[in-house]
Amino acid sequence: MHHPPPAHSTLPLNFGASELPTPPEMQNQPPPPHNVLPAPNGQQTQPPGQRLAPVSGRKDGKVWSLRVEQQPIRARMCGFGDKDRRPITPPPCIRLMVHDEKTGVEVDFNEIDPTFFVLGVDLWSADGVQEVNLVRHAGMLPVNSISAATTTSYPPPPERMEQIVHVMQNPMINPYTGQPMPPQPVQVYSQMPNTYRPGVQTPMSMPMTPSGMPPGGYAPQPGMPAYSQPQPQFAPTMQVQPQPLSAAGMFTRNLIGSLNVNAFRLTDPEGKVGFWFVLQDLSVRTEGTFRLRMNFFDVGSGNGATVSKGTCPVLASVFSDVFQVFSAKKFPGVIESTALSKCFAGQGIKIPIRKDAPKTLSNQAEYDADED
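Under the working numbering, think of the first position of the sequence shown as 746, with each following residue one higher.
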């Protein structure tokens, strides 16, 4: 007997979600806000404005906040080497703001000890959604660079075929017994010491006596050469078998330089004294658009004498504006030194100050005009 299909199967294929009937238990509920989207893990994603908003913290009856007074604008990518690492220009300068929690009045900085104030910096995407502190090494080749070689402890990728291999010695004839020897793990040497004698394929695990004779009373085979002329001997032929290696070796830090800086008591061009964090030593390896995220910590123990050995909460956080990192060919040049940079350089902060150079200089010549 033929039965009709269930009712739900008769819906047209182009029946949209907006056309579905609302369940009775949800008819009286308000619709969800349009600017809040459910995240894949079930949590709600913050709107862009809220995600990039500065975050203030409270401690010891004070409200702590950060303000980026000098925003980064552009930089030239430094790649995966250290030969020509150029910093972000102009150097970001962040002011620490401290207000009384009850009155909202700015606290006198002479009453605050900034000894253990630290600012940490991370590299984020332009939309502020995710960190981009790590970058995939696209070259897949060995790099003669200090930073590229030491930024990660991961093994190299399989494509690079590094000489980190499991070496097995080929079966060979034991000159003392005439029997084949099984493969044995050995270390790879480019050249053996001169105490070894030619013509004797001795296993590397077998010691030699001062006279050059094998131990245990073994006698040399007839026709073997004499041992009076010590000469270098190269290692036997090795069979190299690469092992599968982790792909994590292809990653290294994208933001390099001084990622944690201390606070300085400085006077701005208007004559106002305050606590500042100057990020004059930051470089980015790859081109693109990014933001910097700065987190402020007080790592003091509270008595003003020692560093805290426990956890330190983030007291304040702020994002910078979007800045662009160019390739060497597309880079338009460094930003002219600002009044704030010159002011802080005059107070001992090591900020590169540009010399007055003609505007017709090429990009490379413009860099040569920089003053460290």
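Every residue gets a Cβ at the ideal spot worked out from N, C-alpha and C, and that includes glycine.
Own chain partners of Pro837 with C-beta closer than 7 Å, once the 5 adjacent residues on each side are dropped: Taken in chain order, the residues that qualify are Val813, Gln815, Gln816, Pro817, Leu1024, Leu1037 and Ser1065.
Pair within 7 Å by beta-carbon distance, Phe1071 and Glu1032: The answer is yes: Cβ separation under 7 Å.
Sequence-distant residues of the same chain with beta carbon closer than 6 Å to Ile1080, five excluded per side: Exclusion of the five residues before and after Ile1080 leaves Ile818, Thr834 and Pro835 as the residues of its chain whose Cβ lies within less than 6 Å of its Cβ.
Proximity of Asn855 and Leu1000 at Cβ, strictly below 7 Å: Going by C-beta atoms, Asn855 is not nearer than 7 Å to Leu1000.
Straight-line gap, Ser890 to Phe825 (C-alpha atoms, nearest Å): For Ser890, the pLDDT reaches just 42, beneath the cut-off of 50, and the residue's location in the model is therefore unreliable, although a value from the coordinates is still provided. Separation of Ser890 and Phe825 (C-alpha to C-alpha, rounded to the nearest whole angstrom) is 7 Å.
Assigned secondary structure, Gln816 (DSSP; H/G/I helix, E/B strand, else coil): Annotated three-state conformation of Gln816 is coil, per DSSP.
Coarse secondary structure for Leu1027, derived from DSSP in three states: It is a strand residue.
Sequence-distant residues of its chain with Cβ nearer than 6 Å to Met953 (five each side left out): Note that Met953 scores a pLDDT of 49, beneath 50, so its modelled location is shaky; the value from the coordinates is reported in the next line. In its own chain, leaving out the 5 sequence neighbours on each side, no residue places its CB closer than 6 Å to the CB of Met953.
Cutoff 6 Å; reference Gly802; Cβ partners in own chain excluding five residues on either side: These residues qualify, in order along the chain: Trp809, Leu1060 and Ala1061.
Same chain, Cβ closer than 6 Å to Thr1012, neighbours up to 5 away in sequence not counted: For Thr1012, where only same-chain residues beyond five positions count, the Cβ hits under 6 Å are Val1018.
Euclidean distance between Cα positions of Pro832 and Asp858: So the two alpha carbons sit approximately 30 Å from each other.
Unbroken stretches of the beta strand (DSSP E), 3 residues or longer, contained in the stretch 826-895: Counting only runs of 3 or more, we get 838-845, 862-870 and 879-881.
Buried versus exposed call for Asp1043 [16 or more other C-beta atoms within 10 Å across all chains shown]: Counting C-beta atoms within 10 angstroms of its own C-beta, Asp1043 has 16 or more neighbours from the protein chains shown and is therefore classed as buried.
Same chain, Cβ closer than 8 Å to Lys847, neighbours up to 5 away in sequence not counted: Here the set comprises Gly806.
Alpha-carbon spacing of Phe1089 relative to Asn1007, whole angstroms: Counting only the Cα atoms, Asn1007 lies some 15 Å from Phe1089.
For Ser1086, the first and last residue of its enclosing alpha helix (DSSP H): For Ser1086, the enclosing alpha helix (DSSP H) covers residues Ala1084 to Ala1090.
Bounding residues of the beta strand (DSSP E) (the contiguous stretch that carries Gly1055): Per DSSP, Gly1055 lies in no beta strand (DSSP E) and is assigned neither H nor E.
Length of the line joining the Cα atoms of Pro1097 and Met1039: Our two residues, Pro1097 and Met1039, have alpha carbons roughly 22 Å apart in a direct line.
Where the beta strand (DSSP E) through Phe1041 begins and ends: Phe1041 -> beta strand (DSSP E) spans Gly1033 to Asp1043.
Cα-Cα separation between Arg1099 and Phe1020, rounded to whole angstroms: Each residue's Cα considered, the two are about 25 Å apart.
Distance CB(Ala820)-CB(Val1067) smaller than 7 Å: The answer is no: Cβ separation not under 7 Å.
Contact belief for Gly873 with Arg796 at Cβ below 8 Å, rounded distance in angstroms: Their Cβ separation, rounded to whole angstroms, is 5 Å, which keeps Gly873 and Arg796 in contact under 8 Å.
Same chain only: Cβ atoms within 7 Å of Pro1014, ignoring 5 sequence neighbours per side: Ala1084, Leu1085 and Cys1088.
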